[in-house]
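Numbering (this note's numbering), first residue to last: 191 to 518.
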């Protein structure tokens, strides 16, 4: 769990604070091609007062020189590469405003996003609010993501676990609440945003939602993105997040069919990834956990379930991967 001490930081500043003031924390690693776009999108936000904090995470592409040259940046720090979560926590410790957003350097915001989020969150008992999210690729194609339900928190969690999640660029936090939560878990190499959002969701009754603007998540195959790569550590971290949250739900008496179905589906998806990549140790751990939970042997389309039972999950996943490779 996170162990960052946020109480020992000097948060003095000459900036005035009001109830529409937001600290924006931007972790930056080799993002010289995108950083100005992110900051420009913040300058275009109306009706809010913004503190821009950029934490350079050991960039080698000249990002630090760009950061120093940008007058819009209120606070910047640099240091050795420790990962995005460490950079976010460092930025969180420097935030002076009542709300905070963690905006990756290669993402950006549509106009009206921050004002809508503040409006949704300020009168809410929730500790975070989410805005629409749009994924955009190198060709400029925009794909809107379906937001998770917010009628009750168990539905929100179930939808998130099934894949109806949003990225940090679409989430606004109450600063002190996310500090009390412990910030970001720096030990995780995968599913870090899922971890902090789901931990936060356990403490509230309902999530605040804004329909204004959008967080723009930039999809590309750059060295600064690690989301598409997979190894046993990342798979294990993803499984830890799901299993930890599920156990917390059980302890709090929040388990229901919706939750069980979602976590069964999500953990089986990880089991399939492990089988496909021949990561047999973590595959067995996930399989045993699912069996102890009383979940089905397989989840998904009928053909997947049928073939998994007939030829086994390992062979089925390798065969499916080979066929997909031939088709492309």
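Just so you know, even glycine gets a beta-carbon here, dropped at the ideal spot from N, CA and C.
Nearest-angstrom Cα separation, counted from residue j out to residue i
i, j, result
"residue 238", "residue 464", "45 Å"
"residue 326", "residue 242", "23 Å"
"residue 445", "residue 437", "9 Å"
"residue 514", "residue 244", "41 Å"
"residue 303", "residue 230", "14 Å"
"residue 315", "residue 365", "14 Å"
"residue 401", "residue 306", "7 Å"
"residue 250", "residue 286", "29 Å"
"residue 416", "residue 380", "Here the model assigns residue 416 a pLDDT of 41, short of 50, so the residue's position is not dependable, and the following value carries that caveat. If I take the Cα positions, the gap works out to 9 Å."
"residue 240", "residue 368", "18 Å"
"residue 390", "residue 371", "7 Å"
"residue 347", "residue 486", "20 Å"
"residue 378", "residue 353", "19 Å"
"residue 235", "residue 301", "5 Å"
"residue 441", "residue 459", "24 Å"
"residue 220", "residue 448", "41 Å"
"residue 282", "residue 256", "22 Å"
"residue 396", "residue 349", "14 Å"
"residue 433", "residue 374", "18 Å"
"residue 267", "residue 258", "10 Å"
"residue 501", "residue 494", "11 Å"
Which residues DSSP lists as bridging residue i, in chain order
i, result
"residue 217", "245"
"residue 155", "Residue 155 is absent from the model: the chain starts at 191 and stops at 518."
"residue 459", "Paired residues: none, contrary to the question."
"residue 334", "324"
"residue 501", "Its beta-bridge partners do not exist; DSSP assigns none."
"residue 268", "246"
"residue 408", "326"
"residue 292", "215"
"residue 298", "406"
"residue 364", "289"
"residue 239", "211"
Buried versus exposed call for residue i [16 or more other C-beta atoms within 10 Å across all chains shown]
i, result
"residue 435", "buried"
"residue 491", "exposed"
"residue 511", "exposed"
"residue 496", "exposed"
"residue 474", "exposed"
"residue 338", "buried"
"residue 252", "exposed"
"residue 198", "Below a pLDDT of 50, predicted positions are generally treated as unreliable, and residue 198, at 37, falls in that range; the measurement from the model is reported next regardless. Residue 198 comes out exposed."
"residue 269", "exposed"
"residue 454", "buried"
"residue 329", "exposed"
"residue 505", "exposed"
"residue 443", "exposed"
"residue 209", "exposed"
"residue 439", "buried"
Heavy atom of the ligand SAM within 7 Å of residue i beta-carbon
i, result
"residue 269", "The ligand SAM is absent from the structure shown, which contains no ligand whatsoever."
Are three or more beta carbon pairs between the segment 425 to 434 and the segment 457 to 472 nearer than 8 Å?
Because the criterion of three Cβ pairs below 8 Å is met, the segment 425 to 434 and the segment 457 to 472 touch.
Taking 8 Å as the cut-off, does the segment 399 to 410 touch the segment 294 to 307 (at least 3 CB pairs, one atom from each stretch)?
With the cut-off at 8 Å, the segment 294 to 307 and the segment 399 to 410 touch.
contact_flag[the segment 326 to 339, the segment 275 to 284] where n(CB pairs < 8 Å) is 3 or more:
With a cut-off of 8 Å, the segment 275 to 284 and the segment 326 to 339 do not count as touching, because too few Cβ pairs lie within range.
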